[in-house]
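Enquirer: So that we are looking at the same thing, I have put the structure below in C-alpha cells.
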Amino acid sequence: MVEKKVHSATDSTGKRKGSILKYVGPAFITSALMLGPGSLTLSSKIGAVYGSQLVWAIVVAIVLMMSYTEMCTRIGLAAKESFIGVMLTKWGKPAAVLIGFGAFLVTSSFQAGNSIGTGIAMHALTGINSNVWIAIMTFLAIALLFTKQFYAILEKLMLGLVLIMLTAFLVTFIAVKPSISAIFSGFVPSVPVGSMGLIIALFATSFSIVGAVYQSYLVQEKGWTIKDAKYSIRESYVGIFILGFISFLVMMAAATVLKPKGLMVNNASEMGLSLEPIFGSWAMVVFMIGLLGASFSSLIGNATIGGSMLADGLGFGSKLSNVKVKLSIVAVILIGSIVAVIFGAAPVNLIVFAQTVTIFIVPFIAICILVVANDKKIMGSLKNKAMSNTLGVMGLLVLLYLAFNNFKNIFLS
C-alpha cells in the first residue's frame, strides 16, 4: 500500500502554488540516472565514428522513452498503490517478486560501471587512486541515503547535475558550430555498415523500461495527485527531452571535433577532447566534472531504483523513508563498489546473467505498464488514449527485438 504522500503541489482548488521547483523533479531524476558514464561514452563513440548519421536513433529512442515515462507518471498519479503493489493485486505475488527481483538484478549489473566512473573522474582530477575514490563516493552515497530529506536532496542534486552537463555540452555545441545540414540529414533513418551494435546499445541505454516504471514511484514519493496531472505530465516530457538533448549534444560535439581527427573514443581522455574548442586546456577538467556528475547521479539513482523495487517486490514497501528500502538500496550500492574494486569492471558472467534476466523481465514490465495504463478501474480519466497505445506497442516491439538480439548473442552465437 502506498504510504502517506509527502506533499501536494496544488492547493485545494487544484491551482498551482509555490515554487516552480514543485513542478520539477521525478523525470529529471529519471534522466539523470540514465545519463551515466555508459551513455556519455556511447554518444561520444557514435559521434566520433558515424558523425550525425545516427541522430534519428536518439530521436526514436527518446520518443519511446517519453511515451512510457508519461504512462508511468499517470499510473503514479492514479494508482492508490505502488506499481508493484498494483501488479500484486492483479497478477499475484510471483509477478510482484519477478518485477522487483528483475529490477534489482538489472540495476546491480550496471552499478559497477557507475562506481568505476566516479573513480576515474576523481583520479583524473586529484591524482589519488581511483579505488580510494570509489570507497569515498560509496560512503557519500550511503550517507546521503540516510539523511532525513533524502528525496528532496536527491531531486535537487539530480537537477543540478543535469543542468551542469547540459550547460557544458550546450556551450561546446554552440562553439564548435556543427554542420546544420549534416544534422538534418541525420534525421533520415539509415544504418551505416557496422553500426547496428551501437544502435542497439543506444536504444538499450536511452529507452529504459525499468527507469520509466520507477517514474511512477517518484511521482508518488513527491506527493503528486491527479490534480497535478497537467504539470506532472508536462514535466515528464521535459525531463526526458533533456536526456535526449544532452545525448545529442555529446554526439554532435564528438562528430565535429573527434571524427575529423580519426579518434574512435576508447577512453575518457579522448572523450574529453570534444570540449577542447571552448575550454582549451581545461577541457579535461570540465569533462571529468561532467563524468563525475553522470557517474555519481547514476550511482545513487540506479541503486534507488533497484533497491526500492526489490523491497516493494518482497512486500517491504517502497517509500524512501522506509529503513528496509534504504538497506536494499545500500545493497545495490555496495555490490557495484565491491565489484568495481575487485574486478575493475563488471565480470563477463555477471553481464551475461544480467542480459539473460533482461531478455525476459524488460518486455514483461513493458506489458505490465500497458495493461495497467489501460485499466479503467485503476486509471479513471488518466487511462491510455490511442496515441499512447500506438507508441507503447511500438516500444514493446523494439524491446522484443532487443530481447531477441540478446538471446541470439548469448545462446546461439
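Using this note's numbering, the letters of the sequence shown map in sequence onto residues 1439 to 1851.
Glycine is no exception: its CB is placed at the ideal position from the N, C-alpha and C atoms.
Computed from a predicted model, the values in this text were never measured in an experiment.
1. With H, G and I counted as helix, E and B as strand and the rest as coil, what does DSSP make of K1443?
2. Buried or exposed: which applies to S1619, given that a residue is buried once 16 or more other Cβ atoms fall within 10 Å of its Cβ?
3. Tell me the rounded alpha-carbon separation between S1547 and L1640.
4. I believe Y1675 touches M1504 by the beta-carbon criterion, under 8 Å. Please report the beta-carbon distance rounded to the nearest angstrom.
5. Quick one: give me the first and last residue of the alpha helix (DSSP H) that K1594 is part of.
6. Rounded to the nearest angstrom, what separates L1536 and S1733 at their Cα positions?
7. Considering just the uninterrupted stretch of the alpha helix (DSSP H) at W1494, what are its terminal residues?
8. Where do the ends of the alpha helix (DSSP H) carrying V1406 lie?
9. Between I1727 and K1815, what straight-line distance do the alpha-carbon atoms span, to the nearest angstrom?
10. Using a 10 Å radius around the Cβ and a threshold of 16 neighbouring Cβ atoms, would you call G1624 buried or exposed?
11. Hey, how far is the Cα of A1741 from the Cα of T1511?
12. Please check the pair V1544 and I1848, which I expect to be a contact at CB under 8 Å, by giving their CB distance rounded to whole angstroms.
13. Are S1736 and M1472 closer than 9 Å when you measure CB to CB?
14. Could you give the distance in angstroms between the alpha-carbon of K1455 and the alpha-carbon of F1542?
15. In three-state terms, what does DSSP make of K1821?
16. Could you tell me the boundaries of the alpha helix (DSSP H) in which S1851 lies?
17. Please report the Cβ distance between I1467 and M1596, rounded to the nearest whole angstrom; I am assuming they are in contact, meaning their Cβ atoms lie under 8 Å.
18. The alpha helix (DSSP H) spanning W1571 covers which residue range?
19. With a threshold of 6 Å on Cβ separation, who are the neighbours of G1463 within its own chain once the five nearest residues in sequence on each side are excluded?
20. Between the Cα of F1521 and those of K1846, T1663, Q1658 and P1698, spot the shortest distance and give me the residue it belongs to.
21. Using only the alpha-carbon positions, how far apart do L1748 and G1538 sit?
22. In the DSSP assignment, find the unbroken alpha helix (DSSP H) run with M1747 in it and report its ends.
23. Does P1867 come out as helix, strand or coil in the three-state DSSP assignment?
Expert: With the given structure in hand:
1. Residue confidence is low: K1443 scores 43 on pLDDT, short of 50, so the model does not pin down where it sits. No coordinate-derived value is stated.
2. exposed
3. 17 Å
4. 6 Å
5. F1588 to V1614
6. When rounded, the distance between both Cα atoms is 27 Å.
7. V1493 to A1516
8. Shown here, the chain extends from 1439 to 1851; a query on residue 1406 therefore has no answer.
9. 47 Å
10. buried
11. A1741 and T1511: Cα-Cα distance of roughly 20 Å.
12. At roughly 15 Å, the Cβ-Cβ gap does not stay under 8 Å, so V1544 and I1848 are not in contact.
13. yes
14. The pLDDT assigned to K1455 is 48, lower than 50, so where the model puts this residue is not dependable, and the model offers no usable value.
15. DSSP places K1821 in coil when its eight states are reduced to three.
16. DSSP places S1851 outside any alpha helix (DSSP H), giving it a letter other than H or E.
17. 5 Å
18. S1568 to L1583
19. Closer than 6 Å at the Cβ level, and outside the excluded window around G1463, lie E1593 and K1660.
20. Q1658
21. 4 Å
22. A1721 to G1751
23. Since the displayed the chain opens at 1439 and closes at 1851, residue 1867 lies outside it and no answer follows.
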